[in-house]
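Each protein sequence line maps, in turn, to chains A and B.
Residue 223 in the working numbering is what sits at position 223 of the first sequence, and the numbering runs on without skipping anything.
All you need for the working numbering is the position in the second sequence, starting with 1, plus 1000.
Backbone N, C-alpha and C fix where the C-beta goes; we use that ideal spot for every residue, glycine too.
Step one of this worksheet: look at the structure below.
Number of protein chains: 2
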Amino acid sequence: MLDALFRPRSVAIVGASNNPLSIGHIVMQNLLDHDFKGPIYPVNPKSPYIKSFKAYASVSEIPGEVDLVNISIKNTIVPYVLEDCGKKGVKFAIVHTAGFKEVGEEGLALEKQIVEIAHKYGMRIYGPNSQGIQNSDPEVSVYANFTFVPMSPGNISIVAQSGGVGETLKLHLYNIGKGIRMYSSFGNEADVSMNEIIDYYGQDEETKVIMVHIETLKDPAGFLEVASRVTPKKPILALKTGRTSEGAVAVASHTGSLMEQDTLTDAIFEKSGVLRFHSQEDMIDAAIGFSNQPVPKGDKVVIVTNTGGPAIIAVDEAMSAGLKLAKLSPKTKKILSELVFKEAIISNPVDVVATAGPEQYGGTVEALLDDPNIDSVLLVFVTAPFVDCEGIARKLGELGKTSKKPIVCQVMTIEKWENVIRLIRDGGVPVYDFAETAARTLSAMTEYGKVSARKAPTYKKYKSDKKKAKSIVKKYKGKGKFIPQDDVFDLLSCYGIPAVKTVRITKESELKNAAKRIGFPCVLKVDAETIVHKSDAGGVALNLKSEASLLTAFKKMAKKFQKDKPAFILQEYMKGGKEVIVGIMGNEGLAPTMMFGLGGVFVETMKDVMFRLAPLSSESAYDMIESIKGYPVLKGVRGEKSVDIDKLAEILIRLSQLGSDLAEIGEMDINPILAFEKGKGAVVVDARIKIV
Amino acid sequence: MLDALFRPRSVAIVGASNNPLSIGHIVMQNLLDHDFKGPIYPVNPKSPYIKSFKAYASVSEIPGEVDLVNISIKNTIVPYVLEDCGKKGVKFAIVHTAGFKEVGEEGLALEKQIVEIAHKYGMRIYGPNSQGIQNSDPEVSVYANFTFVPMSPGNISIVAQSGGVGETLKLHLYNIGKGIRMYSSFGNEADVSMNEIIDYYGQDEETKVIMVHIETLKDPAGFLEVASRVTPKKPILALKTGRTSEGAVAVASHTGSLMEQDTLTDAIFEKSGVLRFHSQEDMIDAAIGFSNQPVPKGDKVVIVTNTGGPAIIAVDEAMSAGLKLAKLSPKTKKILSELVFKEAIISNPVDVVATAGPEQYGGTVEALLDDPNIDSVLLVFVTAPFVDCEGIARKLGELGKTSKKPIVCQVMTIEKWENVIRLIRDGGVPVYDFAETAARTLSAMTEYGKVSARKAPTYKKYKSDKKKAKSIVKKYKGKGKFIPQDDVFDLLSCYGIPAVKTVRITKESELKNAAKRIGFPCVLKVDAETIVHKSDAGGVALNLKSEASLLTAFKKMAKKFQKDKPAFILQEYMKGGKEVIVGIMGNEGLAPTMMFGLGGVFVETMKDVMFRLAPLSSESAYDMIESIKGYPVLKGVRGEKSVDIDKLAEILIRLSQLGSDLAEIGEMDINPILAFEKGKGAVVVDARIKIV
């Protein structure tokens, strides 16, 4: 419960001073400027008064109760101050001071120490190395932060790992006159966590949309849990930086954390329904849309314009962003044809032409909002000097107030018509400078519409021999090595995953018997820890049709890999089928990431693969398969039959079950799986597993 | 020569009136508001005075010479006015009036008529259905346009097919206090063309960058020619709308033109060095960068910040946009280590930390500008309240004034430090709200750096039998049909393009002789105009090893396709090699578009293909091959040898020569070409040609 942090009844400032360039002074000034609704207690042993407030020599000397303390003194003194705070019964301490985990070993020790002190007294630490928090709720109006962007009430809450990014987000909203609800940049996250903050925002009724900036997920499992709980109620928009390898290096150097896979972030966001953005601007623009507009029920957009060109840009951008152009109902067409001027184009986009007044432009939008074929409305509006632009804006604002469908707008105008923008915004309709922005925002809102309408996923639970699987894995735990092939195939069989008939032998004398069990034609493969890419190394002989050719291949391979002390695998030789690949990547403290793609060297080069977090629901399994670009190849092109998609989905789910049960699996490559015609199943031909 | 249009010595306004909502009135007001440097003559037969100016009953009554006339009267009266203008010796007539080509047949006839009238007198028509022109040159200061965005001098010139888009571009510049040079939105392009305007901007010394908005290229060949001439001198940034199929439909309905392939636009832009943008905002932001900054010599960027998070965003965006992080030289590192605070991070990004003052931040940028490893500089700057922010800004502005390398900047600040932004901008350094924008701008500038450094391409001219080729094509001209296979192979041979040995027969009795010429194993294919996808239709029999199996296949095929009255093709059966495909798409009035990609059903599904405009230079041919995602497959993966890339490039060039010579080729699919190991060449196995 973070009420005493975001809704403190009183704030003390340790490090408050009369030096206007000090953090303590700035925090105090911010609290005063924003009219904090509780007592402020500057703490400074050297000055009796700070900004005309009586200053206290220590927190313990403060007469009243203290919910929150802001601390901006030298790092080594922080522990002493915290002891004092603890004794006083302070609930939260925002530590602005840097010089902790981010500077290395010594700082990390100090950081652990301050958390211990705090917890001893039931106090929580926010930070250290943190910017602070803000809450614009007029009942509280707390700006316990040393930044400079003025705060006004709104319904967008922000939590940013980087204060600089948080500041950029606040700035943009400030520049267009839009308020925020709560703000938080939490620094080193030694105690109060980002996940707790998101959870708190999730429960805040006045917060309509949450913006998150993440550099590194300290607790991915916790994030998944919290975000999954919040997104059905309100959208979480996220910017995760370090998406390029160079960016990830910069994050690691900035936060002192390990490098993260960007695919894992995507998988976590997908599973928890978080909308991911790749630019600050796109995220804020979307947040502005969410902040006042209802969520669209579907992806059918109508574009209305009084000037041609920008509407085409809106079409291009909306289509690229995955929206569809709505088809107007006959009824709507009829209404419009009686309403608009004869030069108007009644299509989608609807061009009401520049001479349209309030009746034509406003009436058109009104009719479109009533059309059941339409889910959302994008307006392009230039203030033509020869029509009643304010009248149009007033009408659009009125429609915005009552509309059950989202409306977004590009307005082209200058100061002369400043009322126009105000009137539209007063109706809750976001006004953007560019049609592209309006289109991208609608696309994000439509995406969230799908998230909020998601049904509970179906998790099939296939029978498995988990006990046996665990005992196999146990043998290799902690070794960080690829395990022998027969154990790999045994693991697959524990989870009912069909594999090609396989026998492992270690010496020539076993060859004949093995061949009997497999039959001809067969395949011979080398099996050694040291040989990772068997095929490239010449460790695979395909389509051996007789005992003689098998023996020749065996002798050749045994000689070639003598120094690897290999075992050998005999397998049935499978003809036909299409190759697909599945990967499992272990994630510490979290279910593994699953990968699916087409196999074969050509397609592997294209990196046409999908990632999802295990365990896979039926819906996700099918979605993974259907989302790769090469899906038409699996469905069959040029008259071919489809492969057995159902069986592939089942194998994916079974593998995700295997991966979820066995946390020791560092990585698993199933390459290839041969998928046969619909109804004829699919089998794993080769697989390797690394146990960590 | 468009001087009398963009630098008129006098302007007459036909349709000027005292009604403030009329176009004529607004144009006149705009001319007055912007202090046009020549006489203004309102023309109105009904009012003796317009806005206190003496009004003339007709253009011919005007006492002085008239360079330019703005016309905004009823469409049917325009011809009479133009006769009058012609007699008067007017040089350009801007026709704002709509109701011409865009409304259908009748309008088109009227449009032709007004151009004829104008040309009879040596006069030029601008429009009709046009917004107008502007030129901010203080010697002229002409705003012959009815829009509302105020004009101030600058060095960015804009030409926009859509007035709404042009207005959006002007608005953004106006909002950040940036001027323009010339502006033009040309309407129906009945006479004065977009290409002429671009050419004119290209010759204007004060224009440093040109922004173009295109809905449809009326004269693609002319655009290619003009743009190729301009881009070595100054950048052309282009936004071509209708890039999605829905957008293309909207363009067609908006402009009354045919739908265009977006790939052709890309190919034309690539060949002429035009930078393509997909959003108005990206294009303007880049134009602002170009407007004051030198062009980078390479792609190595350094990022400097005084706050961590946004710099990581800059890294992500810069890397995604194709830039590289510069490695600081040892000398630079040494200078920085003596300059910055100990908490600073001397890497890339360089984090000078928030406490850095003018000496640290400014000195760092100065040292980096001197580093030969660095081509461009991206700054992230938050106005930390405890340092001399104006001092930093002053220093950055000074560096901007003299730097030979481009500097772009994200500044986070509010009104309180408004001088900061001004001081930086005064040095020519563009200031953006977001790090992403700064990074994308640098990427566009780097891209243009490559364009302006392009060497003259090498055009190999292979010997060909053009005369024979023309005679083959002539037989089918105007029929719009696929031609017989032996003619296809003859055409290939005219251009020295290697193809698999092929014989065409029409009846069974020729089979034996043909087989003798081809040898075994061979391939039998059906050849009929009605059968487009031979393989899918069962019209291909591969690897026929004997006369007997050939005969069986023949009989089966002859029966199957009886009603198609087919011929048959016998070919050598080729083993091994990798499949690639080449396509040629004819473009009216322009050389054809060439396509290159990997073959095979899997890869075709991925649409991993490149397009370039013919004729191909050596450089483009190799670039096409190397730019597909699947290129590693051709170069050889997992120890395989490379295919014969040189031969593929040669075949591409020869095919582009064939396509350029024979304008009658509507489309040609060469699918597949088998490419063998390096040194072993490549051969066309199958091809089809449609003659139009």
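Excluding the 5 residues flanking it on each side, B/Val1353 has same chain C-beta neighbours closer than 7 Å at Asn1306, Phe1341, Glu1343 and Ala1344, in chain order.
In the three-state DSSP reduction, B/Ser1184 falls in the strand class (E or B).
By the Cβ criterion, the region 396 to 416 of chain A is not in contact with the region 1134 to 1141 of chain B, since fewer than three pairs of Cβ atoms, one from each stretch, lie closer than 8 Å. Under the 8 Å criterion on CB atoms, A/Arg243 is classed as interfacial with respect to chain B. When Cβ pairs closer than 8 Å are counted between the two stretches, the region 571 to 581 of chain A is seen not to touch the region 508 to 517 of chain A, the count staying below three.
Only buried fits B/Gln1657, as 16 or more other CB atoms lie within 10 angstroms of its CB. Close CB contacts of A/Met574 within its chain, under the 8 Å cut and outside five residues either way in sequence, are with Val500, Leu674, Val683 and Val685 (chain order). Across the structure, A/Lys641 and A/Glu677 are spaced so that their CA atoms are roughly 6 Å apart. Taking a Cβ-Cβ cut-off of 8 Å, the neighbours of B/Val1165 in chain A comprise Gly309, Pro310 and Ile313, given in sequence order. Going by beta carbons, A/Ser10 and A/Asp84 fall outside the 8 Å limit.
Here B/Gln1203 is exposed: its Cβ has fewer than 16 other Cβ atoms, across all protein chains shown, within 10 Å.
Among the residues of the region 1585 to 1612 of chain B, those with a Cβ less than 7 Å away from any Cβ of chain A are Leu1598, Gly1600, Val1601, Phe1602, Val1603, Thr1605, Met1606 and Asp1608, in the order of the chain. Under the 10 Å beta carbon count, A/Met1 is surrounded by fewer than 16 other beta carbons and is classified as exposed.
Residue environment for A/Asn671: buried (at least 16 other C-beta atoms within 10 angstroms of its C-beta). When CB distances to chain B are screened at a threshold of 7 Å, the residues of the region 436 to 454 of chain A falling below it are Glu436, in chain order. Inclusion of A/Phe92 and A/Asn129 in the CB contact set at 8 Å is not warranted, their separation being larger than that value. In chain A, no part has a C-beta under 9 Å from the C-beta of B/Ile1077; the shortest such distance is about 18 Å.
For B/Ser1162, the residues of chain A that pass the 8 Å Cβ criterion are Thr307, Gly308, Gly309, Pro310 and Ile312, in the order they occur in the chain. Look at B/Lys1461 here: in three-state DSSP terms it is coil, with no helix or strand label.
Put simply, of A/Ile176, A/Val43, A/Asp646 and A/Gly298 the residue whose alpha carbon is nearest the alpha carbon of A/Lys450 is A/Gly298. Apart from the 5 residues on each side of it in sequence, B/Ile1421 sits with its Cβ closer than 8 Å to the Cβ of Ala1393, Val1411, Thr1413 and Val1431 in its chain, given in chain order. The C-alpha of B/Lys1218 is placed about 8 Å away from the C-alpha of B/Glu1189.
Under the three-state reduction of DSSP output, A/Gln131 falls in the coil class, being neither helix nor strand. With a threshold of 8 Å between beta carbons, A/Ile374 makes no contact with chain B. In this structure, the beta-carbon distance from B/Pro1372 to B/Ser1329 falls below 8 Å.
Sorting B/Asn1030, B/Ala1238, B/Leu1655 and B/Leu1171 by C-alpha distance to the C-alpha of B/Ala1444 places B/Ala1238 at the top. Residue-level contact check: B/Ser1184 does not touch chain A, since none of the beta carbons of chain A fall below 8 Å from its beta carbon. Only residues of its own chain outside the window of five on either side were considered, and among them none has a CB closer than 6 Å to the CB of A/Ser320. In this structure, B/Ile1284 is the residue among B/Gln1485, B/Gly1397 and B/Ile1284 with its C-alpha nearest to the C-alpha of B/Ile1176. Between B/Ile1645 and chain A, the shortest Cβ-Cβ separation is not below 8 Å. For A/Pro632, the three-state secondary structure derived from DSSP is helix. Flagged as an interface residue toward chain A: B/Pro1632, by a C-beta distance shorter than 8 Å.
Residue environment analysis places B/Gln1562 among the exposed positions, since fewer than 16 neighbouring C-beta atoms fall within 10 angstroms of its C-beta.
Of all residues in the region 386 to 419 of chain A, those with a C-beta nearer than 9 Å to a C-beta of chain B are Phe386, Val387, Gln410, Met412, Thr413, Ile414, Lys416 and Trp417, reading in chain order. Taking the C-beta atoms as reference points, B/Gly1166 is found no nearer than 8 Å to B/Tyr1143. Setting aside the 5 residues that flank it on each side, A/Ser291 is surrounded in the same chain by Asn155, Ile156, Lys208 and Val209, each with a C-beta closer than 6 Å to its C-beta; the list follows chain order.
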